[in-house]
Structures are given as structure tokens and as C-alpha cells.
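Listed in order, the protein sequences are those of chains A and B. This note's numbering applies: residue 11 is where the first sequence begins, and numbers increase by one. This note's numbering applies: residue 162 is where the second sequence begins, and numbers increase by one. Idealized CB from N, CA, C, for every residue including glycine.
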Amino acid sequence: MPGKKTLIVDPKVTPLLNLTIDVPSLNNAGINQILEVQNVEFKKTFDKETTQILIMIPPKMDITKRVAQIIRQHEGIGPQRQYLLVFWPQRTILCKELLDQEGVMSSVELRDFTFDLIPLDLDVLSLEMPDSFRDMIVDYDLSIYNYVAESINRLQLVMGNIPNIYCKGEGAKMVYDILKLESGEINPESTEIESLMIFDRSLDLFTPMLTQLVYEGLVDEFFNIDGNLLKVEKKILGKEGAGSDEKTIIQFSSERDPLIYQVRNLLLAPLGGYLQEQTQQQERDKEEFQREKSKNLNDKLVQHAKRIKAEQESVSKHINISTKITQYFRTVEFYKRLNLEQGIINGEKQEKTLDYIEALIQVGADLNKVMRLLCLRSIYDGGLKQKTYDYFRKEIIQVYGFKTIQFINNLQRAGMFVRNDGNKSVWPKLQEQLKLLDVDIKSTDPNPKDCAYTYSGHCPLIARLVELIFKKPFSWKGNKSMQLIPGFQYEPEKPVKNVPQQDGRKPIVIIYILGGVTFGEISAFRLLGKLFQKEIIICTTNVMNGTKFIDSLRERI
Amino acid sequence: MSSEPSSHWQELSKRFYKFHHFNPISGEQKSLLFEGSRIAIARWGGPMAAMKNLEVINLMKADDILKDSIVFFSNSGKIIQKVQYKDFERVVLFDFLEDELLVVIKTQGQYYVIDPFKGTKRLCDLGDQFRSDPIVSGQVVGNGLVIQTSSFEFYHIPNAQEPQLIKMKATGLKQQPDYWLAIPNSKSSSGKVEVQITNPDGGIIHLIEDEKVKIYYNRDQDNYVQLPDLKNIKMISFSPSYKFVSYLQFINQQWTMSVLQDDFEGTNFYQIQLDLKEDDYNYEGPIKDKSVLERPKKMSWCGDDCVVLQLSQTIVMIGPDSSQRVKLSNKHFAIQAEIDGLRIINQKKNEILRRLPDSFVSVFQPLSTQPGAMLYAAYESFASRNPIEDDELRSKKQDLAQGVQDCISAGKFEVSPEYQTKLLKAASYGKTFLGNQAIDPNLLSETCRFLRVVNAMRRSGGVGGRVLTYDQVYQMTKLPQLFVTLMLRYNLHYLAVEVTRYLKFQPKYRSQIYTHWACCKVQTQIDDETLSQQIKEKIKEEKGVSFTEIAHRAIEEGKAQLALKLLENEPSLAKRIPVLLWMASYQQDKQGNINSYYEKALYDAVASRDSNLIYLVIMKFLKASVDDNYIFGILTQSPIIQAHLITYLRNFDDAKLQKYFQYLKKYDECGLLAVTQAYQKQNLGDKIKVLEIAQKFFEDDSKDSFYGKIVAEQLSSLNDLKQELDKDKKKNNKKVMDEKPLNAILESFLLKDDLKIAGEFAKHYKIPERRFQLTRVKALIQNKNYDELDRLVNEINKKTQFIPYELVADLLIRSGAEDKGLAMIMKMPEVEEQVYLFMKIGQMRYAVQCAINNKKYQLLKDLRGQVQEPALIAQIEAFLQQSGK
């Protein structure tokens, strides 16, 4: 289409565009301006030459409403324009109804576009829908289950039907039901993928509340990784001088940076050691290169030099980032946070933790971070006593404002911050029976053998469930502890064993987490892959951390 | 008795043609006057339709079969359907669509689409514009139409079933052209519908839908110099394959026929002069113009190499270098081109004129010595148990193969089963003496497979036997949809299933046939239970049958219960739900009980796990019914529906949502909803009002008493704020106060060091002592009042640690006062924790100092392992030594 185009997107779409397309391609398509829906001014008209307005948003009612207002406002001002409204991943009947009621249905052309599962790394695929958990639990929207089922079906279309499917959790049941409904497609049985395991976040709301201690997780906790894009200030990377406050984007993917493959799952202490080793190795490489160079400079050597340079840049980048993380580590806040977390997982008395959390609320510390701790406590204990619960709610509302009443309500609905109804909490039992607590974890161990290393002694529940499947002979049904975990449970009667690939490739296992997965958990799955000789692919609706997770449940008034 | 294959041959330009007789006419057709009637013959051996020709005045007997009606005749001349037709408006088109529905177009833009089997007559209207600009002529193209109006505009109607017009490019015509002819898009080079129009000034106007118009003259142009001059064209006709076009011209009082390739680019053509004078023409009449008087009734093709002109009693066959006049036995007749010949129907006969293939000629030409003839003769004598000597033929394998080949081809061509059988048996006989190499071993069986279809169609293909030839059936295998449609037009379900099996059509046609069958079945008068059983039984093994379509039909037949039963079999929920909703609205129009449909649709929607479907049902249900309580009752049955209803209402109908929460007795939700609503209000007064409503809900019957209390508190604070604002307004003070969290207000007092007011405020809102003190600490840090801070912390924590030192330290360090922060840590009561914290935050010097001060030897030993700074190590060493540890 000729003519100048303006692209209006929702902030949730921006990272997807960043992950999938670069600016020159957008310019080539004639897009000369990108605006965010929230920033479009009603009064100001677009420039005269802009004849086409492309809008890309998720099918959320508030956003759709705003788009309708924008279109209404701009219609009749300036030249005749075409409006193309693209819903990601697809329009809903409610959005259509809304557009209809707002009277703009005839002015826009509607399209659907799905990015599908975006590869964030060689073994991580994500739908990148950061609100997935909220949609499912707070808003009770079933669309996510459909998107997930569709993505699985597309996988099966390419790879063949997956012989073994395991499900745990009510959300997993939804997806399983849809998959069964649509199983009309006759694909050949997959020979590469051995199993698909679907879990939903509600199974384990505990783990994300803890601080992840693997490198990739820490980077996410402190710098925020969007998909696989990391925005950091240049000065952190050791670039001083003018513009060092500016941010630069790093792609955090082992495909781009092979070093990441080595370091992403490491704890901070072994990471330091490893990076130091690398630096020394590079120095040796460099020396050798210098020697070689003086003898004979050829193409191979030049390539070699380039590689050394790239490696060196990468190593120094990670040294800088990890140094910055160490600085964060050395704060009272972080010390106390880890201290409290450890207290909770080690069964320390509720009062002691709550006392400090209360003080944190009372000085108005970052609410998302405070709630992470409070939810951790509440989940572990199966809720707070009525009086304590009311007291905390009141404190929060008085300190952070009345609107947080909605936030608290959302957390309550999600079962993360609740009143104890006299029932005994299952967490301590689960912890014991599934050995979720491993006190032998050493933060300096470069070669951990238990997934618990990812959360300094706490093993992510889902990782344990996966491990149960890998251990022979397997049956969830026969395992008593499984009854402690509520929600639908499905496992194949007789799992089909895949014949090992002739080329020695390991059987592929897809772990699909609905409602978000943390890097800590991802690292745990990777360790399982290593221990049990499986090629593990992690699929998810979104990659997140506790703060992002809590934030997605915030009040939206 | 079939006619002898060797008889009645017509020779034209060294080729042979023959009339093949299909069926004897035994019905009412015997008395049909072709002369005064308009006749339409459906292609592919279909039925014939006739109506009175309104433009010819003729005396009509009272018992005339065409009186007030359009009559459809079967291939044996029996009436299959009679449709009442009393209109007197001029009919501009009377012809069959490709899928065998008859269209009758009238001048004013209205037309009928008539089903020859069911006799249903549907009226379509092309619009008012044709009242003032009437239609002059029309033509069928595929299943669509092309019409021309009195102002010489051309329109294309792509689908006659839906009167949608596409106006074609303007032609610039000033007077009525002598003739025009449309080319269907499947045959045109542009892929669009094209029209060739004779230009009154000479040449051909070539019209491509709404794309372009061009005139071809073929004169004074170098390229076309050898082609005939295209002028005074009176008629145009395309050969069945659309490769050739014939123009009948009247030049210098002489009829001339020019045949060209259809694209105006080929250079091959032939031209032949014709005498079209007929014996009984009255040249003394009022019309003297020979071009009018002698103008043939119709120009058509017989195959791709013979043009046929229909005169009043004869046909003129025109080949590349000669023409031949054939007088027909009965002067009442009509012709219709088929792809491989020309159908000729008269009062007594139903025939087809076709060119004889070479194989047929070699077998049946009298005195033929071709291998085919030899083999046929050998077989005949063998069959009559009087074998002749055929060793010679058998020994020449190549000749024998040719003979077998010819007999098979001739068998394909022959329409009489008697000779067909003989020819195939002869082929089979010859084949026994041949190895597999000499001839395709499958040829004979394949031919028989096709012939079975051909004969089955001729025997029981509807319309008294559909008169198809082998070639036509072969062509139709490329048009399976049309083939199936034609059979379904006459409800020939069994035949259709068999044909699809024999001709190996795709499975989708099979499901289409079953769906059609079931739709027919639905209309029969059998009770619902049996009917649904029967249909289910028949269809259960078939994939892809559309139960929704069948259910649709059942509803139209007024069988709602049957429809519901049938729908249970539809596997696709996404398909089922819209039908249920449609059924509900359909029934609603008829005042029926609709709720059961909605309930069913809801149930299905939930099963589909598709939010969109659930919303769809909820939306329709809410719009359809007025009784909220009833709807709420239904919609509350499942938590999923409930959640969707809430989401829907939240976005579209807050008032109803409030009602719904009350219905559910979820007063907390009511309250929370009101809170949300309150915070959407811009005006403080409104906000307070709505919040008061919220409070009412919470007070009513709340499960969580907390909400009532906290809202009351908020209301009190907002009311204070409002009072203050009102006061400010009076003072004309423009300072606008925003709503702030209570603690922020407290903090603002403390920042101003207004302890008295702060204290009152805290008391009023029951702010806990600890928060009050911590907020004070915060304010002091912000005001950098460290002395006071020190004093305060010491005082508060005199007895027990009421506020955590490390928290105060954290606040201090963050505010930039690191020293003060570290000093605060030193106040921590637990020395071990203190040392540990210093260590963790990298303050080794403090850690060491602290351990030394408190004489913690073990800690110091631990520290020695961690510390890297030499001076510190020395200090530790010194102290340990000093202490003798």
C-alpha cells in the first residue's frame, strides 16, 4: 500500500515487534511513525500525508475503547484515512461488539495476527502474553487456553502428534480438553518429540515469589529482560563519558551470544570464577595470536582474531553486569529479603517475618516487592489469621492508597494472599514429601545436582513433578504427595517410549507452563534435561519473575 | 430397434456425420408445437422446457399443454413438471443455467428461477433501473447471466440465484447491434466474462467485464490482411471448445460464413458462401429484406469442425470447404449444442448429430478392410457359431491391436447398447490373442467402467434418462461439482453415490450427497424419533456431513425437535452453536419457546472452551429475553458462564452487573464494583456518592467485614478532603488538594514537624503507633534531622527493638547518609547478626571492628577467611594474638 503510514501499538505489542522485526523493515513498509496507544493525543491530528493508520493491540476492552475514541476523534479531521486494526493474537467478539457500539465498526478494517510462539532462545518459546495469569485467574478469560492449544496444534502439525501427554492443574485440563476436541487432525505420530507436559501456574505460586539466584534470573530481577531483550545503561557496561546514561539493548539469547549458554544457569559465585577463567583463557589466546601473527597472518588467523574479540567483548559485558548485580547484593534490602525468604522456606515462625514485612509496609517500601514476601508467607502458611489479615490489609490501604483494595482482592482471588480458614497448610507437607527443601545446596557449587540450587535450597515444584516423570518407574497416580496438589491430573496409561534417534539426538520433551515461567525454573528444567538425557524445550505464555507477576495483578483503576 | 451403425451417414468435407437416436418420444411432446413456442434444452442431455412464444400470434387450442404454463419435458417427451406462468410481459431470455435451473427474464428487470424437478419458482429482481431502461436481450453464462438494456448497457450477474449486478464497460453503441454473445470466464482468455458484439459500423466490439472494451476490424491492418473483413455480421457462434468462432455475414446480398480462431490473432480461417433460400419462403410478403427473411433461427456448432444453421425445416451443415443441407423428417424441432455434437429434438425424436470418429468409420464403413472391421466381422461370425478364418488377422499383432483399439473407441462412441456390447465383445475377443504389451491392459476395463456410468445415467439419470454420451461423461469427470449437482437436482442420491464411487470423486462430494439426502429425508412425513434414527444410521460412517445444514432444513420444515436431535451429531461445536442461536431467533419470530435453544447453546459453548462462543451466546440471550432473573438463573449454572457473564456485563452494562451480583448475593462484589465505579468519577462529590453506595453493599450482608470498615474510613477521609476543598474554594484559594493515601497525609504533617496535628490525625484514623513512629523516622531522614532521629530511635527501642535498626539503616544509606546508616546497624542488639550484615553488605572493616569490640573470637576467625584487605587481616591477627586465641 502506498502512502505514509503511522503505526499505533499497545505497549504490550512493542516488545513483540522488537523481538520479531527491525526498524528498517518497518520503514521500508512505509511506516514513518510509531506511537503508543496511550500517548496518542486526541486533539492533535496526524500529519497530512499520513493516509493509513495501522493499529496493533491485544483484544483488551480498555485498549479497544481507547482506539475507538482515537478513530472517532480523528475522523473528519484532515484527509480521508484508512484504519487497519490488527488484533494480536485475535479479535474477540467483545471487542467487535464494543467497536460496533462505539460506532466505528464501519471505519476500520479488522485483521488478526498472531506472533505464535516466539523463540526467545534455542530451547525457550513464548507467546509473550504478560497478562496471561491475570486473564485466567482474575478475569476468567478462556482465550489463553485456546491460544495455547492452538500453538500446540501448530507444533504438532509440523512435528507430528505427540505420543505422551501429561497434564497437571485445572488450566492444563482446559488446554487438554480443547486439544481433545480438535484432535480431528490426523498428523503422523511424532518421532522426535517424546512427551508434552502441561502445567499451570496455579500449581505453584510459591516459587516465583522467591528470588531467583541463577545468573539469567538475577539479570531479569535487577534489569528486567523483555522477552530476551535486555535494556541496560551504557555505563553499566563500562562505557563512561557522554551518553553513558543512555540505554543500549542486549539480546539475551545463546543463539546470539554463545557465552550465555555457559553462564545463564550459573549461580553468582561460580559465574565469577568462570568469567575470570575465560578472561585468562582469552589472554592466553591473545598472546598466542600475537605470536602466530608475527609468523604468518592469514585469513584463518584474522577470523580467529575476530572471534577472540567478540568473545572478549561478551565476557567483559557479563563481568560488568555481574559486578553490578554484586553491588545490588551488597545492600541491606537484598540481605534482608534473602534472609526473610530463607526464614520462610526453613520454617521460621510466622511472626518474625511478618514483623519485618509490616515495618516495610509502614515505611512505604516498593509495594510489589513487599507483596512478594507477604504472599510467600501467606502461601506457605495457607493464609493469615483473620485479625492479622485485616490488619495487613488496612496497613496496605492506608499507606499505598485506597485503590489497592482491588489489588488485594486480585491477590485473594489468585489464592496468594488469603485469610486462613483453619485448614492446615499443605506446603510444609509438600516440602517434606517431595523434598523441595535441600539444605545441602552450596552457593559456590559449580556443578549442582539438584534443581533446588536455582532458589538457594528450594526446588521449584513443577521441576520436581517433571523429575518424577523422568524417574523410573513412573506414576503420578501412585504417588501420595500428588494428592496434596489440587487440580486435574492426567498421565498416559502406558507411556510410549520413543526409539532413540539414530544420530544420537536425545528425545525431545516439551514442558508447557501456562501463566508464566521464571528463569530460575527454566534453569531447573535445563538441569533435568542434563541429568536425564532429554532435550527439553520450554514453552510458556510468558517469561516472568515474581515482581512482574505481582505487578500483573495490580489494581487497574 | 436401434439403427444399423452403417446407415444414415452424412458426408461433409470428407468427414462423416450421423444422427444417433436416443429415446423414442412417447409422451405429450408429440403434440407440442415447436413453431409457436419458446424452447430451451438443458445441456448435458438434460430436459427440455417450453413456453408459449408471446411474440408470435398463434391460435391456441383450449387443451394446449402450454396454456398459462411453462412445461418441462423429459427425454422421452413426458411432462415432468408444469409450472404456472401467466405473465404477459415480453420474455427476453428463456434458457437453462448450467446447473439446470431455468431462468425466465422479463424486460423490466424481474426474472424467475425455476426448478424443473420441484417446480418451485423464485422471483428475483434486478432493481428499479430496468423499469426505465428495459432489458432487451440476455444470455446465460455458466450459472450467471449477461443482459443488455435498451440504452445498450451490458450487465453481468455472476450468480443468477443472487441478483447482484456488475455493470460492464460502456460500449459506445448508438443502435441495437445485430447480435452479441457472451463468453464464460472459464473459457475466456482474460479469466473474466467477455462479450463479443457486432458493431453496426463493422467489426466486433470485444467487452471484458468492467475492465476494457476494444474493437476488432480486421481491415486495413497489415497483420490481419489475410483475414476476412468483419462487417455486416448477423450472427456469432463459438465452437464447444471455444477455440473457433463463426460469423455469419450478409455482404452484397450474399450470406457468407467466416470461421476464425477466437482470439483474433490466429491466421487460419475459412470462409464459405451460402444459399439460405428456403422453398416455402414467401418473397411476396411485406418483408423484402433478404437478410431478415432468410436469417437462420439459430447458428450452432456440431463438435469443433462443423457449423450448423437452423432454418425453418432444414439444417445446413457447414464444413471447411462445403456445406450440406439436411432436411429433417419433422419441421418442428429445436437444437442445442453439446460438447461433442448437436442435440436435435422434435415431436418424435430425441437425437444427437455427431461426427463419426475414424475408429467408428473404419469398423462400420461398408466394405471396410480396416483391422477394426475385420475384427468386428470375425467376432460376429464367432458369436454366431460360424467362425470364419481369421488367422491372418490374429497373426498380425499390430493390426489386431489396431482393431481392438478401434472397436473400443467405436464402442465408446456408439449409443445403442446392442452395438456397444458387440463392439466391446469384439475388442475383448481380439484382446485374448494379444499380449499385454500390444495394448494398454486397463483400457478395456476403464472404458467399461465409464460406460457403466454412461448407461446408468441414460437408464435412470432423471428426466427420463439423461441422454449423455461417453465423451460428455468424460468431460463431466472434470466438473464433479456440476455432475453431482445435476444428479441431486433430481434427488438421485443412490446414483450419485455410485457415480462418485465409480468415477473416484473426492470424498467431499460423497458427504455433500449424504447431506442433501438427509435434507430431503427431513421433509418426509415420518416421526422425529424414527427420522433422526434413520438419518443417524445412514450417516454415522460418513465424514464431513454437515449436520448443521440438515438441522437448518429441519427448522425450515418446522421440525424444531428433530433439528435439536440432529444437531447432537454435529461434531463441531463452533458450527453447532450459531445454528442453535439461529434456531432460537427463528423460533422467536414465531413466538415459540426459545430458551431451551439458548440453554443448549450455552452448554455447547462451555464444552467448546471458547470464550468467543460463550460470549456470543450470552450476548444473544441477553438481547433476546427480558426477564433478568430467568437469564441470571440459567447463566449461573456453571462458574465459567458466570465469569463470562460478569466480564461481559462489566464492559457493557454496569447496572445489570450490579443487579447480577445482588442476584448472586455477592454483596462484596457489588461493593467492589461500586468502588471501581467511584474511582472512575472525576468529581469528588460524585465519587463520595458512589462510594456510599458501595458501603451500603458491604454493610448489607458482607462476608468480609473488613470492606465496610475500610470504606467507611475512606469516606470519612474524602469528606474531610471535600470540606477542606469547599473551604478553600470560599477563600478563593486555588491550591487543589489531591486524594492521597492516609499515611501520605500523616507524613506531610510530620515533614512539617507538626507533631500535634499528626498525633490527632493518627488518633482519628487509628494509625498504629509503630507506623506513626516509622513515618516519623522517614520524615526525619528526609529532613536530615539526624540528631533527632538518633534520639527518637533510642527512645522507641529503649526496652525492645520496636522498629528494626537495619530498616532505618537501609533508609539512611539509600538517602545517601551511609555513615549514619552504618552507625544504626551498630545498634542492632544481636552482635552476630550485626557482623553478618556488615559482612554481607561488604563493610568488612565495620564487621571486624564490631567483632573485636564484642570479643567474638569465632566470628573473627570466620572473617579472616573472607577478608582480603591485608591491613584488616593484620588487625584480626593482632587482636586474636593479643587475646591469646
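>> Taking the beta strand (DSSP E) that Tyr635/B belongs to, which residues open and close that run?
In response: Where Tyr635/B is concerned, there is no enclosing beta strand (DSSP E), although the alpha helix (DSSP H) it sits in stretches over 631 to 637.
> Which one of Thr837/B, Leu968/B, Asn790/B, Gln838/B has the shortest CA to CA distance from Lys820/B?
Replying inline: Asn790/B
> By Cβ distance below 8 Å, which residues in the same chain neighbour Lys395/A in space, the five residues on each side in sequence not counted?
Replying inline: Arg429, Asn430
>> Give the list of continuous alpha helix (DSSP H) stretches no shorter than 4 residues that lie fully inside the segment 334 to 375 of chain A.
In response: 342 to 355, 360 to 372
>> For Met162/B, which residues in the same chain have their Cβ closer than 6 Å to its Cβ, ignoring the five residues on either side in sequence?
In response: At Met162/B the pLDDT is 40, less than 50, meaning the model places this residue with poor confidence and gives no usable figure here.
>> Assuming Asp551/B and Val524/B are in contact, meaning their beta carbons sit under 8 Å apart, how far apart are those beta carbons, in whole angstroms?
In response: Rounded, the Cβ-Cβ distance is 15 Å, inconsistent with contact.
> Hey, how far is the Cα of Lys896/B from the Cα of Asn844/B?
Replying inline: Unreliable positioning characterises Lys896/B in this predicted model, as indicated by a pLDDT of 45, which lies under 50. A coordinate reading is not provided.
> Can at least three beta-carbon pairs, one atom from the segment 670 to 689 of chain B and one from the segment 699 to 710 of chain B, be found at a separation below 8 Å?
Replying inline: yes
> Who are Pro208/B's beta bridge partners in DSSP?
Replying inline: Partner(s): none; Pro208/B has no beta bridge.
>> At the level of alpha carbons, what is the spacing between Trp170/B and Gly596/B?
In response: 35 Å
> So what's Gly982/B in DSSP terms, helix, strand or just coil?
Replying inline: helix
> Which chain A residues are close to Asp971/B, counting only those with a beta carbon under 8 Å from its beta carbon?
Replying inline: Thr341, Val342, Glu343, Lys346
>> Beta carbons nearer than 7 Å to chain A: which residues of the segment 846 to 877 of chain B have them?
In response: Phe867, Ile871, Gln875
>> So, for Gly238/B: in the same chain, excluding its five sequence neighbours on each side, which residues have a beta-carbon less than 7 Å away from its beta-carbon?
In response: Ile186, Ser187, Gly188, Glu189, Gln190, Lys191
> Candidates Ile518/A, Ile65/A, Asn555/A: which alpha carbon is nearest Gln543/A's?
Replying inline: Ile518/A
> Comparing alpha-carbon positions, which option in Phe859/B, Gln325/B, Pro361/B, Val307/B lies nearest Gly333/B?
Replying inline: Pro361/B
> Does any residue of chain B bring its CB to less than 7 Å from the CB of Leu278/A?
Replying inline: no
>> Can you pull out the residues from the segment 300 to 328 of chain A whose beta carbon lies closer than 7 Å to at least one beta carbon of chain B?
In response: none
>> Looking at chain B, is there any beta carbon in it that lies within less than 7 Å of the beta carbon of Ser153/A?
In response: yes
> Is the CB of Ile795/B under 7 Å away from at least one CB in chain A?
Replying inline: no
>> Tell me the DSSP secondary structure of Glu1030/B in three-state form.
In response: coil
>> Any heavy atom of the ligand NAD closer than 6 Å to the beta-carbon of Gly480/B?
In response: As for the ligand NAD, it is missing from this structure, which has no ligand bound.
> Considering only residues of the same chain and omitting the five flanking positions on each side of Ile600/B, which have a CB-CB separation below 6 Å?
Replying inline: Ala562, Val565
> Given that Ala804/B touches chain A, what residues does it touch there, using C-beta distances under 7 Å?
Replying inline: Tyr150
>> Is it buried or exposed, Thr530/B, if we count other Cβ atoms within 10 angstroms and call 16 or more buried?
In response: exposed
> For Leu384/A and chain B, any beta-carbon pair shorter than 7 Å?
Replying inline: no
>> Whole angstroms are fine: how far does the CA of Gly464/B sit from the CA of Tyr377/B?
In response: 26 Å
> When you compare each of Lys213/B, Glu993/B, Lys375/B to Asp225/B by their alpha carbons, which one comes out closest?
Replying inline: Lys213/B
> Below 8 Å, can you find three or more Cβ-Cβ pairs linking the segment 935 to 943 of chain B to the segment 965 to 981 of chain B?
Replying inline: yes
>> Quick test of your reading: Phe216/A and Ile389/A, contact by CB under 8 Å. State the CB separation rounded to the nearest angstrom.
In response: 5 Å
> Any C-beta of chain B sitting closer than 7 Å to the C-beta of Gln352/A?
Replying inline: no
>> Nearest by alpha-carbon distance to Val252/B: which of Phe611/B, Ser235/B, Arg671/B, Val217/B is it?
In response: Val217/B
> Is Phe1040/B helix, strand or coil when you go by DSSP?
Replying inline: helix
> Near Ile775/B, which residues of its chain fall below 6 Å by C-beta distance, leaving aside the five closest residues on each side in sequence?
Replying inline: Ala766, His805
>> Is there a C-beta anywhere in chain B that falls below 7 Å from the one on Gly282/A?
In response: no
> Listing by chain order, which chain B residues have their CB less than 7 Å from the CB of Lys413/A?
Replying inline: Tyr840
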